[in-house]
Structure formats: structure tokens, C-alpha cells
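Q: When you line the sequence shown up against this note's numbering, it's residues 8 to 414, in that order. Glycine is no exception: its CB is placed at the ideal position from the N, C-alpha and C atoms. Quick caveat, the model's predicted, so the values are computed rather than measured.
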Amino acid sequence: MKIIEGGVTAAEGFQAAAVAAGVKKANRKDMALVYSTVPCQAAGTFTTNVVKAAPVKWDQQIVYSQEKVQAIVCNSGVANACTGQEGMENCQKTAQAAAKALNIGENQVLVASTGVIGQQLPIEKICAGVEQMAPLLSEKKEAGTMAAQAIMTTDTVSKETAVQIQLGGKTVTLGGMCKGSGMIHPNMCTMLSFITTDAAISKEMLQKAMSSTVADTYNMISVDGDTSTNDTALVLASGLAGNPEITQENEDYHTFLEALRQVNETLAKKMAADGEGATALFEVKILGAKDKAQAVTLAKSVITSSLTKAAIFGHDANWGRILCAMGYSGAQFDPEQVDLFFESAAGKLQIIENGVAVDYSEEEATRILSEKEVTAIADIKQGEASATAWGCDLTYDYVKINADYRS
Numbered sequence: 008m009k010i011i012e013g014g015v016t017a018a019e020g021f022q023a024a025a026v027a028a029g030v031k032k033a034n035r036k037d038m039a040l041v042y043s044t045v046p047c048q049a050a051g052t053f054t055t056n057v058v059k060a061a062p063v064k065w066d067q068q069i070v071y072s073q074e075k076v077q078a079i080v081c082n083s084g085v086a087n088a089c090t091g092q093e094g095m096e097n098c099q100k101t102a103q104a105a106a107k108a109l110n111i112g113e114n115q116v117l118v119a120s121t122g123v124i125g126q127q128l129p130i131e132k133i134c135a136g137v138e139q140m141a142p143l144l145s146e147k148k149e150a151g152t153m154a155a156q157a158i159m160t161t162d163t164v165s166k167e168t169a170v171q172i173q174l175g176g177k178t179v180t181l182g183g184m185c186k187g188s189g190m191i192h193p194n195m196c197t198m199l200s201f202i203t204t205d206a207a208i209s210k211e212m213l214q215k216a217m218s219s220t221v222a223d224t225y226n227m228i229s230v231d232g233d234t235s236t237n238d239t240a241l242v243l244a245s246g247l248a249g250n251p252e253i254t255q256e257n258e259d260y261h262t263f264l265e266a267l268r269q270v271n272e273t274l275a276k277k278m279a280a281d282g283e284g285a286t287a288l289f290e291v292k293i294l295g296a297k298d299k300a301q302a303v304t305l306a307k308s309v310i311t312s313s314l315t316k317a318a319i320f321g322h323d324a325n326w327g328r329i330l331c332a333m334g335y336s337g338a339q340f341d342p343e344q345v346d347l348f349f350e351s352a353a354g355k356l357q358i359i360e361n362g363v364a365v366d367y368s369e370e371e372a373t374r375i376l377s378e379k380e381v382t383a384i385a386d387i388k389q390g391e392a393s394a395t396a397w398g399c400d401l402t403y404d405y406v407k408i409n410a411d412y413r414s
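#1: Report yes if the C-beta distance between residue 215 and residue 185 is below 9 angstroms; otherwise report no.
#2: With the cut-off set at 9 angstroms, would you say residue 170 and residue 9 are in Cβ contact?
#3: Here's the rule: buried if 16 or more other CB atoms are within 10 angstroms of the residue's CB, otherwise exposed. What is residue 300?
#4: Among 276, 25, 364, which has the Cα closest to the Cα of residue 168?
#5: Helix, strand or coil: how does DSSP classify residue 414 here?
#6: Judging by CA-CA distance, which residue of 285, 372, 21 is the nearest neighbour of residue 246?
#7: Can you give me the C-alpha to C-alpha distance between residue 137 and residue 91, rounded to a whole angstrom?
#8: Quick one: using the 10 Å Cβ neighbour count with 16 as the cut-off for buried, is residue 391 buried or exposed?
#9: Give a yes or no on contact between the stretch 305-324 and the stretch 396-411, applying the rule of three or more CB pairs nearer than 8 angstroms.
#10: Would residue 366 be called buried (16 or more neighbouring beta carbons within 10 Å of its own) or exposed?
#11: Thinking C-beta only, is residue 60 closer than 9 angstroms to residue 94?
#12: Take residue 496 as the anchor and find which of 150, 359, 251 has the nearest alpha-carbon.
#13: Using DSSP bridges, identify the partner residues of residue 243.
#14: Using three-state DSSP, classify residue 42 as helix, strand or coil.
#15: For residue 322, collect the residues of the same chain with a Cβ closer than 6 angstroms to its Cβ; drop the 5 residues on either side in sequence, then sort them by chain order.
#16: Given 8 angstroms as the limit, is there contact between the stretch 114-123 and the stretch 58-74, that is, 3 or more CB pairs closer than that?
#17: Where does residue 50 land, buried or exposed, given buried means 16+ other C-beta within 10 angstroms?
#18: Suppose you measure from the CA of residue 394 to the CA of residue 37; what does that come to, to the nearest Å?
#19: Can you find at least 3 beta carbon pairs, one from the stretch 221-228 and one from the stretch 274-292, that sit closer than 8 angstroms?
#20: Please return the same chain residues whose Cβ sits closer than 6 angstroms to the Cβ of residue 26, not counting the five positions on each side in sequence.
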């Protein structure tokens with residue numbers, strides 16, 4: 008696997024564009040279009056929130072059918088959530104505008120929205136934005152980057168990645184972009200992720216791969232414990248790489264699966280690191296679990312602990328908060344068997360052994376916890392299973408950002 012520069016335009020046949028359609032204030036880019044020159048197999052995963060935004064419902068209808076897809080239209084600024092029948096009609100109007108501008112069927116258009124809940128889309132501006140973007144479509148890397156910027160809300164940086172692999176003697180590329188900074192606790196946030204690939208793969212295998220990788224990537228991040236109404240992760244496969252079509256779980260499938268996991272994990276970590284107000288990416292590794300489910304439960308309990316997140320912000324090795332979060336997770340383990348370490352670019356330090364604090368240096372612990380990426384490693388010594396979760400520290404700015412989000 009080779010990591011390359013790029014995003015949604017890295018794979019063969021994909022183009023992108025972005026404009027400032029006037030959904031947001033201050034003339035900021037707020038609409039993105041991703042287009043494939045050929046119909047694509049499509050797969051996706053969506054929010055488990057009972058309250059689902061209109062774009063989620065629209066996309067589920069298309070992805071879960073046998074329709075092929077050629078375009079994704081995404082706006083930021085307004086989520087089109089809790090908008091009733093008018094919200095669904097606006098999804099259709101958006102798809103119709105794209106279909107007309109691109110000369111494709113409206114059922115070949117996926118839509119996505121992110122922003123304030125409860126407001127209706129300014130549909131005239133949305134449709135006009137689609138018309139503006141169509142002639143701007145480009146396969147250049149810069150076009151993908153502009154699209155990644157246009158879907159941001161409280162994100163401080165755009166998020167892209169791309170990789171290449173070899174399948175059947177052909178070079179296959181996967182690229183992607185995402186947005187997410189707050190309301191991040193996916194259970195497939197205002198988390199949106201769009202992956203493109205030129206791999207030839209059946210719809211069934213594409214969905215199987217996407218669902219599999221989401222479990223260990225997007226579903227293992229948390230910024231604030233809030234699962235959005237709009238969480239959507241989509242993958243389009245054009246088949247233009249010319250590899251033998253993947254129709255079963257063979258060697259090529261597993262190579263593709265690892266590449267997709269790499270893309271999704273990279274994007275997931277970028278979202279966690281860019282959590283609202285965050286100063287550090289916080290990673291939690293659970294080792295020695297009896298099974299994967301136990302490891303996942305423990306890791307997610309620690310990564311969502313507000314007290315632990317606050318301690319990471321303060322560079323404080325308050326290990327009792329980690330052990331406490333593990334204890335109320337619901338997973339059974341022996342706290343008197345736990346070893347805990349902190350690790351970062353500044354070094355690695357054991358904090359407790361068999362549930363009891365060791366004679367460690369608080370100064371060294373603070374130095375390790377002062378890095379931009381910090382890891383807590385807990386070995387519970389019950390088996391061979393493990394899991395990793397990602398989050399961020401909890402800062403003053405998180406409250407400030409969300410106290411006046413709509414204004």
C-alpha cells in the first residue's frame with residue numbers, strides 16, 4: 008500500500024468542484040460536488056440516531072437499492088434535519104438540479120447536508136449552486152481540496168487522504184474527504200465522509216467492506232458523545248482501474264479491505280484530532296482483553312470520559328479517572344491486574360502496575376502528556392484481544408464554540 012497526496016479526485020474518473028452558494032455568511036464556500044464520469048457501485052453507512060435528517064433518508068433509499076450512482080452534492084451551513092416533508096422535497100429538488108446539470112438520472116445523485124438543525128434549505132441557492140459547480144468540475148487535486156474545504160462547519164482544517172494498491176496487476180486508487188469536529192460520536196455527527204475508488208468491485212462486496220471498516224474506524228471516535236442526525240459515510244467505486252472485479256472474499260478483497268480501512272482510519276483520526284476546541288488527539292488502547300467486544304467497550308468508555316478528557320487538556324496524569332471510566336463501562340475485568348502506560352512522541356511511562364501506582368515522575372508524565380498526540384495503554388491481562396479508540400481533550404473552547412454555534 009502506498010500513501011499518496013490527494014482526496015476524492017485521486018481515483019480515475021472522479022471530479023470535484025466547490026462554490027460559495029450563499030448558504031453560509033461571509034461568502035464562504037458552502038457547497039461541494041463530487042462526480043464520476045461513469046456510473047458507480049455505491050455503499051454507505053448512516054447514523055443510528057432515531058432522528059434522521061432528510062439527506063440520510065434520501066441516500067438510504069438509493070444506496071440500499073440496486074441503483075448506480077454518479078454524483079454527490081453536499082452543502083454546509085444547514086443540516087436539513089427535522090424539516091419534514093419539505094426537507095425530503097428539497098433533497099429531490101437538489102438531485103433534480105444535479106441530474107439536469109450533469110445529464111444523469113436523479114436517482115444517481117446522493118445528497119448530504121451539515122450545519123444547523125431545524126432550518127429549511129435555501130433551495131433556490133442550493134439549485135443555483137449546483138448549476139454553478141457543474142462547469143467547474145475538475146479531476147485536479149486542488150478541486151478535491153476545495154470540495155473538502157466547502158463541507159467544513161466548525162472544522163479548523165480540511166481533511167483528505169488517498170492510497171494506492173495493486174489488484175490483479177492494476178494500480179487501484181482510493182481517496183476520500185470528510186468533515187467532523189463536534190457532535191461526533193458515530194454509531195453507524197455531523198460527520199460526513201465520502202470515499203472514491205476506481206476499483207472494480209461488486210455492490211455486495213463494497214458494502215461488506217465499508218460496513219466492516221466503519222466498525223473499527225468511525226465508530227471508534229468520539230469528541231463529545233453526541234451522535235448526529237446526519238452521520239453519513241459513502242463510498243463510490245467506478246471500476247475504471249480495470250482490475251478483475253471483486254465478487255467474493257478472495258485475496259484481492261482483503262487487500263482492498265485493508266486500503267479502505269487505512270483511508271477511513273486516517274479520516275477518523277483527523278476528525279478526532281480536530282475536535283471542537285481540541286489541543287490534542289487522545290488515543291486509548293486496550294490490550295489483553297478476553298474478546299473484541301470487551302476491548303471496544305473499555306476503550307470507548309475511557310475516550311468519552313469528560314474527566315479524563317479534561318485531565319489530558321491539563322497534561323495531568325490523573326490515572327484514577329481512566330481506571331474509573333473502565334470500571335463503569337459495564338465490561339467485567341479485574342482492576343488489580345491492570346497495567347497502565349502513557350505514551351507520546353516524548354516517550355513512554357508506566358503509571359500503574361497490577362492496579363497500583365508505580366513510583367513514576369510527575370514531571371516526566373506531564374512532559375509526555377504535553378504533546379499533540381497522546382496515548383493511554385491499558386493491559387487488562389485477560390486474553391489476546393485489543394481495541395483502539397480516538398478522541399480529544401476537553402477544553403474551555405468547546406463550550407464557547409457550542410454556546411453560540413447558531414450565531
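A: Reading off the structure:
#1: As a position in the sequence shown, residue 215 is number 208, starting the count at 1. As a position in the sequence shown, residue 185 is number 178, starting the count at 1. The answer is no: Cβ separation not under 9 angstroms.
#2: Mapped onto the sequence shown, residue 170 falls at position 163. Mapped onto the sequence shown, residue 9 falls at position 2. In contact: residue 170 and residue 9 (Cβ atoms closer than 9 angstroms).
#3: For the purposes of this step, residue 300 is taken as residue 293 along the sequence shown, with counting starting at 1. Exposed: under 16 other Cβ atoms inside 10 Å.
#4: Taking the sequence shown and counting its residues from 1, one reaches residue 168 at position 161. The shortest C-alpha separation from residue 168 is found at 276.
#5: Here residue 414 refers to the residue found at position 407 when the sequence shown is read from its first residue. Confidence at residue 414 is low in this model, with a pLDDT of 48, below 50, so the placement of that residue should be treated as unreliable; the coordinate-derived value is given next. Three-state result, residue 414: coil.
#6: Sequence index remark: in the sequence shown, residue 246 carries index 239 (1-based). It is 21 whose Cα lies nearest to the Cα of residue 246.
#7: Reading the sequence shown from its first residue, position 130 is the one you call residue 137. Reading the sequence shown from its first residue, position 84 is the one you call residue 91. Those two C-alpha atoms are separated by around 23 angstroms.
#8: Taking the sequence shown and counting its residues from 1, one reaches residue 391 at position 384. Exposed: under 16 other Cβ atoms inside 10 Å.
#9: yes
#10: By one-based count along the sequence shown, residue 366 stands at place 359. Its Cβ having fewer than 16 others within 10 Å, residue 366 is exposed.
#11: Numbered from 1 along the sequence shown, position 87 holds the residue referred to as residue 94. Numbered from 1 along the sequence shown, position 53 holds the residue referred to as residue 60. Yes, Cβ-Cβ distance for residue 94 and residue 60 is below 9 angstroms.
#12: Residue numbering for the chain in the displayed model covers 8 to 414; residue 496 lies beyond these limits and cannot be assessed.
#13: Counting from one through the sequence shown, the residue named residue 243 turns up at place 236. DSSP output for residue 243 lists 49, 203 as bridge partner(s).
#14: Reading the sequence shown from its first residue, position 35 is the one you call residue 42. Here residue 42 sits in strand by DSSP.
#15: Counting from 1 along the sequence shown, the entry for residue 322 is found at position 315. 373, 376, 377, listed in sequence order.
#16: yes
#17: For the purposes of this step, residue 50 is taken as residue 43 along the sequence shown, with counting starting at 1. The residue in question, residue 50, is buried, as its Cβ has 16 or more Cβ neighbours within 10 Å.
#18: The sequence position of residue 394 within the sequence shown is 387, counting from 1. The sequence position of residue 37 within the sequence shown is 30, counting from 1. Looking at the two C-alpha atoms, the distance is approximately 36 angstroms.
#19: yes
#20: By 1-based counting over the sequence shown, the position of residue 26 is 19. Taken in chain order, the residues that qualify are 38, 136, 139, 140.
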